[in-house]
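**Q**
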Amino acid sequence: MKTQLGPTSNRFISQRLRLNYVDWGNTDAPPLILQHGGRDHCRSWDWVAEELRHDWHVICPDLRGHGDSEWSPEGHYGMDAFVYDFAQLVHTLGHDQVTIIAHSLGGNIATRFTGLYPEKVARFVNIEGLGPPPQIRRELEEKSVGERLRQWIEDKRKASGRTPRKYATRRDAYQRMKEENSFLTEEQARHLTIHGASRNEDGTWSWKFDNYVNVWSGSDLPTSDIVALWEAITCPVLLLWGKDSFATSPASDGRLKHFPGATLIEYENAGHWLHHDQFERFMGDVKGFLG
């Protein structure tokens, strides 16, 4: 039986940062970008990429400050920076149109990109990626600009004082991964840990993401502008939500009305990482949607 080769790592430049993406080959096929979420990495898509690589040219980028991409020197992880990076990736790849599957923070980024450049996206699968629910956004916007920016400065200072958490062994990191998502199989948790942690000089292990990625911007777009981007999307959209997730469903919180042509599927026995938790069902729904 012929061994299936894995992806190759590549770099592109965005805002002077060297950002990583992996390429699964099949360059003559239509381009498909798989964008991971916060504190995650591009190799979390490996199972999905293996299933789709024969029909698609699969590209999986690492967000700035994540995986094998460089960290922002000033700790800048605002949505403006992320959206620019994503646009720069599409520009660098040189495709007139791409298809996107994106999760969580990656979904938030890709949704804004799709609204900005609707002609560039053929189809879009969004996995729990619309950002904070309306109630949280209302609470934030009820605060004055001064309050929001002071909180952002305080949060940045706290992040500057944190050192990456160290684990004595990679198995300790694996155990933490299992605690974070109890739905993961041992194989999934092991794979995510191998590609998501790196060894420190003293022999301990730490996650690859920058602590600053946990600081939400104090100057994001107002909800009305974000909604305007959602409503500018013209391609078919598939929204996927886990019923055991902390993220509220757009069907229950009112956001679905801004995607009139979208299909929403909610998954039983699945949390925020439903593409891991219910992999077979996820792949069936995605393949049916992509065609």
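Positions 1 to 291 (the UniProt record's numbering) are the ones given, in order, by the sequence shown. For glycine and all other residues, C-beta sits at the position ideal for the given N, C-alpha and C. Being a predicted model, the structure only gives us computed values, none of them experimental.
(1) Please report the distance separating the alpha-carbon of residue 261 from that of residue 84.
(2) With distances taken from CA atoms, which of 170, 181, 45 and 133 is nearest residue 269?
(3) Measuring only the C-alpha atoms, how far is residue 130 from residue 32?
(4) Does the separation of the CB atoms of residue 89 and residue 12 fall below 8 Å?
(5) For residue 79, which option in 246, 202, 104 and 59 has the closest C-alpha, if you only look at C-alpha atoms?
(6) Which same chain residues end up closer than 7 Å to residue 275 when comparing Cβ atoms and leaving out the 5 residues on each side of it in sequence?
(7) Expressed to the nearest angstrom, what Euclidean distance is found between the alpha-carbon atoms of residue 213 and residue 37?
(8) Over the uninterrupted alpha helix (DSSP H) stretch that includes residue 108, give me the two end residues.
(9) Which word fits residue 114, buried or exposed, when buried means at least 16 other C-beta atoms lie within 10 angstroms of its C-beta?
(10) By the three-class DSSP mapping on this structure, what secondary structure does residue 128 have?
(11) Name the two residues that bound the continuous alpha helix (DSSP H) containing residue 228.
**A** The answer reads as follows:
(1) As a first step, residue 261 is located in the sequence shown; it is residue number 261 there, counting from the start. As a first step, residue 84 is located in the sequence shown; it is residue number 84 there, counting from the start. Answer to the nearest angstrom: the Cα atoms are 26 Å apart.
(2) Position 269 of the sequence shown, counting from 1, holds the residue named residue 269. Taking only the C-alpha atoms, the option nearest residue 269 is 181.
(3) Here residue 130 is taken as the residue at index 130 of the sequence shown, counted from 1. Here residue 32 is taken as the residue at index 32 of the sequence shown, counted from 1. When rounded, the distance between both Cα atoms is 20 Å.
(4) The sequence position of residue 89 within the sequence shown is 89, counting from 1. The sequence position of residue 12 within the sequence shown is 12, counting from 1. Against a cut-off of 8 Å, the Cβ pair of residue 12 and residue 89 comes out as a contact.
(5) Translated into the one-based positions of the sequence shown, residue 79 becomes position 79. The candidate whose alpha carbon is nearest that of residue 79 is 104.
(6) Residue mapping note: residue 275 aligns to position 275 of the sequence shown, counting from 1. So the qualifying residues of the chain are 48, 103, 127 and 282.
(7) Taking the first residue of the sequence shown as 1, we reach residue 213 at position 213. Taking the first residue of the sequence shown as 1, we reach residue 37 at position 37. Roughly 11 Å between the two C-alpha positions.
(8) Position 108 of the sequence shown, counting from 1, holds the residue named residue 108. Start and end: 105-116.
(9) Numbered from its first residue, the sequence shown carries residue 114 at position 114. It counts as buried.
(10) On the sequence shown, residue 128 is found 128 positions in, with the first residue counted as 1. Looking at residue 128 - three-state DSSP - the assignment turns out to be coil, as it is neither helix nor strand.
(11) Residue numbering aside, residue 228 sits at position 228 when the sequence shown is read from its first letter. Here the alpha helix (DSSP H) through residue 228 covers 223-231.
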